[in-house]
Each structure stands twice: as C-alpha cells, then as structure tokens.
Amino acid sequence: MKRPHGIPKWPYLFFKFYCKRERLEEMHGDLEEYFYERVETKGMVKARWYYLRDVLRCCQPYAWKTPSFYKNSNLIMFKNYFKTASRSALRNPLSSFINIFGLSMAIGVCVMTYSFMNQSLNTDKFHENKDKVFLTTIFADRDGETAQYGVTPVPLAEHLKTDFANIEKVCRIDDHNTVIRLNNQVFYEDIRLVDGEFLEMFTFPLKWGDKASLYDPNSIILSEEVSNKYFKTENPIGKEVLVIFKSGEKKHFEIAGVAEDFPNMANIKFDFLINYSNIELALADHKPSDWAKFLDATLIQLNDQTSIATVSTGMDKYLKLQNEVNKDWAIQGFEFISIDELYLNSSDIQQAISYDDRRPGRVTLPFIAAFMIILACLNYVNMAINSIAKRLKEIGVRKVMGADKRRVMIQFLAENVFITFCAMIFGLFLGMTVFMPWFEGISGEQYSIEISDHIFYLFMLGLLLLTGIASGIYPAFYISRFEAVKIFKGKIKLGRKGWLTQTFLGFQLVLACITITAAVIFVQNTNYQINRSWGYNQNHLMYIHTPSKEMYNKMKAEMEKSPYLENVSGTADHIGRKSSNVVAETLDRKYEVSELKVEPIYFKTMGVEMASGREWSQDVKYGNREVVVNQTFVNQLELEEPLGFEIKIRDNDYVIVGVINDLHNQPFGNEIQPMVFSQVNDGDQTFLIANITSGYDFKAYDEIESTWDELYPEIPLVGGLQADIWDGYFNMIGNFARFNKAVATIAVALALLGLYGLMTLNISGRIKELSIRKTLGANMMHLTKIMSKQYLALTIISVGVGAPLGYFFTKFQLDMVFAYPLDMGAYRVVIPVIILVVALTLVVLSQVFRVNRFNPIKGLRTE
C-alpha cells in the first residue's frame, strides 16, 4: 500500500508499523477520508496535525500486530506450562508452601554464603596497584621449625630504595598506641606511622583534603569513622590534634585529610595516619641503622610486577647484615607477597599487617549451603510425587492428545523451574533482609552484594537452573513413565512403599542428624570454654596500666590505701594483656618463648599454683637471674629435672627455680605457649594488679577510676576486671553456637517437612486400606503401629549413619577453631539423637491423629 498524496510521511510509516496487515486498508481508509475532509475545511497544516492525533489514538491493542515470538509454538507451550504450574500451586497451597518455603530458606542461606565468600575471596583486591605492591616477609627458625613473619629490620627499607632500580616506591609501616586529645575528648587510639607513598600505593580516596599532605611531618589524616566520632558531619580540615606518645613526647598535628569510608572488603585499614619521620617521637631509642630492631611492615611497589624475581634473588646480602647484629632473631630468608594474595595467605604469616580470620568459614559455610540445597531438593521431590495423585487424569489427557514422554518431562521440569523461580525471589529477599543481617550480627562484620556484581547474577541463574532441575528431574521422569490406559483404568497406585523416596528421606534425616549433633556439641563446647580453668584465679582481680614511673608510684600508694584491695603487685607485663617474645637458648637449640617481668608477689596475687620449686624471695634484689617457667616450657625442652637448669636470654644466663602449672595467656583458641617469668627491675613497672574483697569488684574499680580521673584528667585509664579481658572471645564462641543452632533448626524443619510429605503421600495411597481397618475396629494403637512400621527401620539406619558422621564433622570443626575443645566422647551424640527421634515421633503422631479423626465412610466412598 503506497502512501496517498498529502498524507504526512512519518505518522503514516508509524501507522504501518503497528497496525495489523488485515486491518491496515480498512482503518487507513477511514483516516484518509477524515484527512481530506479537514484539508478542505481547515487547511493542510491543521489536517496534518489532526492526522497525527488520529494515528496515535488508533494505536491500541485491537490494532497492534502480533509479535512474531508470540506465534512461536514453544513459547506458547511454556506459557501454558507456567499457567498450569501457578494453578496447581493455588490448588495445593500446603504442598506449595512447603516447597517454596524449603527452597527459599536454602536459597537464602546460599545468598548469605555467597556474600561471605565473595567478600572473603576479594578482600583487599580493590586496590589499583594490588599486583605491583608487595609485603616483605622474613623466615626464621623458631623451636626447630621455620616460621614466616610480616615484620622486617628497620634499615631494610632504605637499602631496598637505593639498591634496586625496578622498585618504584618503598613504604614503612609502624603502629603505635597513643593518647589523642581532640575537642576536649581524650582517648587511647592506634596511630599508623607511614611514609608518604602509602596513599599512592593503596587506593584510599580522601573525602576531604589532599593525599600529598601525608608527606608533611606535621599533618595527620583521619579515617571517616574517626572523623565522625570526634566531629560528627563537620569538615575537620585545619583543626589541631594533640598526640601523646608512649615515650612521653607530645606533638600537635594539623588535620589535613579525611579518608572515605573503607569498603567492606578492606582488611588493611587505619584510624590515624602520620608521616614516618615522627618515629623518633614515638620511640625514644629509635636508630634508623639498627638491624636488631624491627618494623611492623615494609612494602615495595614495582614498575613491573614480573621483576619481583629479580628483587628476591638480590636479598641474600641483607641476611648477613641482620644476623651479625641480632643472633637471637637470625633470618633464613626473605619472601615478597603481593597485596592481591596477602589476605588469603596471612593466617600463615605471624605479625602481618593483614590477618585472615575467615578461613574456618570458607570451609564450613559452603558445606552448610550445599546441605540446605540438598535437603530442600529432596523435600521437593517427595512433595512433588505426593501431588501427582491429584493430576493423574491431566497427565492421561495430555498423553491421549499426543504428548510423548519427552513432552511430559519438559512440562514438569518447566513447572518446577517456575516454582523454583518464585522460591528464588523469596529466598533472595530472605537472604538480603534476614540471613545477611543476622550473620553480620554474629560475625561483627558488614556484608553486601553490589548491584553491579555480574558474577552474582550468574550465580543466581546457575542456582535457579541447578535447583530447578535437581529437584524436578526425578518427579518429571517418574511421571512421564505413566501410560494413559493404566491411568484411566485406575491401575496407577501412588503412596505405596517407594524405595527411592524413602532413600531421599533417609538422606534428609542423615543431614539433619549431622546438623543437630553439631549444634548440641557446639553449645556444650561453649559452656565448657566458659567454665574451663584459666590456670589462675581470674575472679576478684583488677589491673590498671600506668604509662610512667610517677603514675605508677602515685596509683600504687592509692591502691594500697583502699580498704577493698590487697596484695597490690607491680609488673612490666601482665597475663592476658602484655608479654614479650624472646629467644631462650640451651646448649643446642633456640626456643621462642613469652616472657613476663613481674614482682615476686605477682604469683600470689594472681593465684598461680606452683607445680614444683619455689617463687622468688621478697628479699632478693631486683636484677637477679632466677626465672620461673610453665609446664609447657618444661615439656617443649623435654626437661626431666627442670629445677636448676640454665638457659640464656638476651645473652644473660638464668637458672630455673620454679615451675608453675600451665595458664592461659591468650584465649582458649590459642595453644598455651612456653612462658618464662623473670623479676622486673625497679622503675620498669607499668601495671598494677590487686585482689578485690569479694562482693566489692565494681565499687573498688570505680573508686580507683575516680582517683585516676582526679590525678590525670588528660589521660584515660586503661584497666578493668581480669575476668572481663576475654569477653570478646566468649561472645564469639557463643555466636558460633547460635549459628549452628540456627542451621540445625532449618535442617530439622526441612527434614520434618519431608517426612510429613512422604507420610501424606503414603496415607493418600492407602486411604481405602486404612478406612477398612478402622471399620473393622482398628484403634489408635494399631494405626500407629501400621503407619510407623516402615519408618522405624529408616530412622534407625539414618541415625546409625548420621550420628557418627555428625560426630566426626563436629570434631573436625572444633579442632579447626579451638586449641582446647570439648572432650569428644561418643556419648556426645546421645542428646542430638534423642532430639531428632522425638521430633520424628511428633510428626508421625500428628499424622496418626489425623487418620484417627478421619471418617472411614468418606475413604471408602472415594474409591
């Protein structure tokens, strides 16, 4: 059809585009008529505008062309399948709820797991130079084993800068705890001393200020979190901060920058940054050329990351320089680790600036997510087979109309993917709004999924297809085997004993048994950790830290006057708070040990028990060469007669005069290390420890805190009750227990829903038999026996398999997380087994009560 004379071109082409071919001539004829009439009465210009209006008004569904893809028979077929699936779901609300609920819970757990794994595997990988920036690490022989450390000798950075042309930048990092006075607020804060290149190596954009200000020794850069803490939303640029170092030196710094909030994937962070040249204020004895001293980190950035091998081969010359000066910390070699790989390897590196504490989660969470998906899929299989009985005639009609086995399978798989898609939407909602916030509360970290994360969309698509096909393949195959003749003759009997469905249920019960075992034992382990002996009496004990000798003397006098305190002891170190790593030498070996310098009364104050030997005498002068060691020290050195044995520490000879029972200097997640207690020199004391009269713990501490505030209002008190020092650790293990309880609850709920579905299927297939039995006088006891008989053996087998697997799985978890886990006797699985059996019994009884109330006349009438 050609465009008539005078008709506007573009409105005409638009009309041809949307109008059906069979209606084009008829409808456009009317439009032409109106157009030419208006040309005569209103003129050409207005007629064209009216024509455009008429074209737009005719653009309605009755006139639209049918898109070619709507004519596709496969698309129409799948559209019908989805309609059938939605109608079937509405007709069977209970089974639909169980299916969607189970799959959505499992998908929600998978979304939570993805966010954890994604953040864990990509930690610190947002830095633009992550492949070019390397951390220098050292290897040293300790206790006969080679260990890797993240610290490096102080002069190494300057040598690297001058000796290697392919090193573009070098950055030193050293962390110090200081007192910050800002806006009349005083806090202890950690300050990171770095070279100016730090913000050039790492991708930390500034919200306010200039990165170049880090080169200024008088400037300080804050994190946004710290800025909000002190200044709320105000721009703090230009304000002054007073920093009081532990050396006693004070300096005013000008705030020159505020970093933007760190991404959730950042593990290397900072609160305050100042230029490294201030190290001489932080450390009174700092010597830039002293190879015996170590920095927290030395970073290098290369022009080309492939040249790291060249740098590595040239590092041997520094071994001699360091080992001649510091024989106790002799280095065996160097290794460079890129920022891209540092986090995932940091748990194997001691004293690194990055630490991977998510390794146990990366092992267990994917297993848990897989458990949930398998449970939900098996649940769906049982419920899908249960619903087949109500759709037998539909299947028969489809077969009569020409649907072959393949078509029937495709139909039910498509329906299953549709149900899974609905579950995925709800599961995504649960994952983002329930599971992830809940997991954040347990882990203490923030997790998120970015909208731009294309891998997440691929993950969800793969999860949809995997779950949809895995949960639907067997029901689809099972249904497609039915013959139309047998369906209409009523020869298809559902609900009889099916070995495969019972196998699925048995597998569900095994997984449920494993998770219940883990939950119960983790709760028991939490109680065990809380009640475990610390190796000393941590109750009714307080400590405070005094940065200077003057503070120590004044506070000791005040504490000795308190009516609530006794056995006041002064130390340079304190159990659970501070100790020093030193090398203890024997004739043939060197051992790394923890040294605590204390007064003789310290053992009495802490309630430490002597295994053999004696403490120091109060009459012995400071500077004596007698030490007390712990039992682990004796065992590691394999000393049969430790008393009188001589060791060398810092080139001084010491003799062991006493052995104490092992005590925990770190939380129970860490193994007890060899410990040496030596006598503190007068004037070196920085801690005060005292026993508190029972019942006056808080009153005594509050009194000392008030005294401190009066004497030193500019410096916050560091101290507390000894029993509270590991509250964070006990909260962590409590969260572990709560996490396992939640997982077990979901797993048991899914397993019980599976049992409910299978029993419903069994009852629907035996309705006539059960009705006849009730008519003949079967009571509730007989019905219980008949209905539970086939599940008794299944339960016994499932518990017999699940209990040992749960035992070993939980033991593996405990051994991975805790250095001193709960004693894992076989009797630990008794309570989980009882819980599972009771839950199963309640489900069976609920179905028995249902059958008992059922009218047998209705059952006989249906068939």
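Numbering-wise, the working numbering puts 469 at position 469 of the sequence shown, and it's gapless, one number per residue.
Where a beta carbon is used, it is the ideal one built from N, C-alpha and C, also for glycine.
Legend entry - From 651, 699, 522 and 246, residue whose alpha carbon lies closest to that of residue 807: 522
Legend entry - Outcome for residue 28 when other beta-carbon atoms lying within 10 angstroms are tallied against a minimum of 16: buried
Inset, instruction - Starting from residue 208, follow the beta strand (DSSP E) in both directions and report where the run begins and ends. - result: 206–209
Legend entry - Three-state secondary structure (DSSP) of residue 601: coil
Legend entry - Inter-residue Cα distance where the pair is residue 124 and residue 339: Approximately 7 Å between the Cα atoms of the pair.
Inset, instruction - Given a cut-off of 8 Å, decide if residue 597 and residue 533 are closer than it, judged by their beta-carbon atoms. - result: Taking 8 Å as the Cβ cut-off, residue 533 and residue 597 do not qualify as a contacting pair.
Legend entry - Cut-off 6 Å between Cβ atoms - residues of its own chain near residue 846, not counting five sequence neighbours on either side: Leaving aside the five residues that flank residue 846 on each side, none in its chain has a CB nearer than 6 Å to its CB.
Inset, instruction - Check the DSSP bridge columns for residue 738 and list the partner residues they point to. - result: Paired residues: none, contrary to the question.
Legend entry - Exposure of residue 600, with buried meaning 16 or more beta-carbon neighbours within 10 Å: So residue 600 ends up on the buried side.
Inset, instruction - Find out if the Cβ-Cβ distance for the pair residue 256, residue 227 is shorter than 8 Å. - result: The Cβ-Cβ distance between residue 256 and residue 227 does not fall below 8 Å.
Legend entry - Touch test, the region 703–719 against the region 540–550, Cβ-Cβ under 8 Å, three pairs minimum: yes
Legend entry - Distance, residue 325 Cα to residue 170 Cα: 24 Å
Legend entry - contact_flag[the region 850–857, the region 772–780] where n(CB pairs < 8 Å) is 3 or more: yes
Inset, instruction - State the DSSP-derived secondary structure class of residue 445, mapped to helix, strand or coil. - result: For residue 445, the secondary structure class from DSSP, reduced to helix, strand or coil, is coil.
Legend entry - Local Cβ density within 10 Å of residue 17, reported as buried at 16 or more and exposed below that: exposed
Inset, instruction - For residue 204, collect the residues of the same chain with a Cβ closer than 7 Å to its Cβ; drop the 5 residues on either side in sequence, then sort them by chain order. - result: 259
Legend entry - Contact under 8 Å by Cβ, residue 304 with residue 416: no
Inset, instruction - Use the C-beta contact count for residue 232: other C-beta atoms within 10 angstroms, 16 or more gives buried, fewer gives exposed. - result: exposed
Legend entry - For residue 745 and residue 805, the rounded distance between their alpha carbons: 18 Å
Legend entry - Limits of the beta strand (DSSP E) - the one that residue 251 falls within: 250–259
Inset, instruction - Look up residue 495 in the DSSP assignment and say whether it is helix, strand or coil. - result: Legend: pLDDT at residue 495 = 49, less than 50; position of this residue unreliable, no value from coordinates given.
Inset, instruction - Give me the Cα-Cα distance between residue 407 and residue 126, rounded to the nearest whole angstrom. - result: 49 Å
Inset, instruction - Taking 8 Å as the threshold, find out whether the region 111–124 comes into contact with the region 428–443 through three or more Cβ pairs. - result: yes
Legend entry - Selected residue, minimal CA-CA separation from residue 647, among 516, 774, 586 and 848: The candidate whose alpha carbon is nearest that of residue 647 is 586.
Inset, instruction - Give the C-beta separation of residue 174 and residue 190 to the nearest angstrom, bearing in mind that I take them to be a contact with Cβ-Cβ under 8 Å. - result: At roughly 11 Å, the Cβ-Cβ gap does not stay under 8 Å, so residue 174 and residue 190 are not in contact.
Legend entry - Segments assigned alpha helix (DSSP H), at least 4 residues, entirely inside the region 530–591: Fully contained in the region 530–591 are the following alpha helix (DSSP H) runs of length 4 or more, in chain order: 549–561.
Inset, instruction - Answer with buried or exposed for residue 360, where buried requires no fewer than 16 other C-beta atoms within 10 angstroms of its C-beta. - result: exposed
Inset, instruction - Would you decide whether residue 396 is buried or exposed? Buried here means 16 or more other CB atoms lie within 10 Å of its CB. - result: buried
Legend entry - Per DSSP, cross-strand counterpart(s) of residue 188: 179
Inset, instruction - Could you pull the start and end residues of the beta strand (DSSP E) that residue 676 belongs to? - result: 675–679
Inset, instruction - Report the residue from 218, 210, 769 and 139 whose alpha carbon sits nearest the alpha carbon of residue 352. - result: 139
Inset, instruction - Could you give the DSSP three-state label for residue 93: helix, strand or coil? - result: helix
Legend entry - Inter-stretch contact at 8 Å, needing at least 3 Cβ pairs: the region 657–671 / the region 623–633: yes
Legend entry - Proximity of residue 281 and residue 245 at Cβ, strictly below 8 Å: yes
Inset, instruction - Tell me whether residue 563 is buried or exposed, calling it buried when 16 or more other Cβ atoms sit within 10 Å of its Cβ. - result: exposed
Legend entry - Beta-carbon contacts of residue 7 that lie in its chain and below 6 Å, excluding the five residues immediately before and after: Setting aside the 5 residues that flank it on each side, residue 7 has no residue in the same chain whose C-beta is closer than 6 Å to its C-beta.
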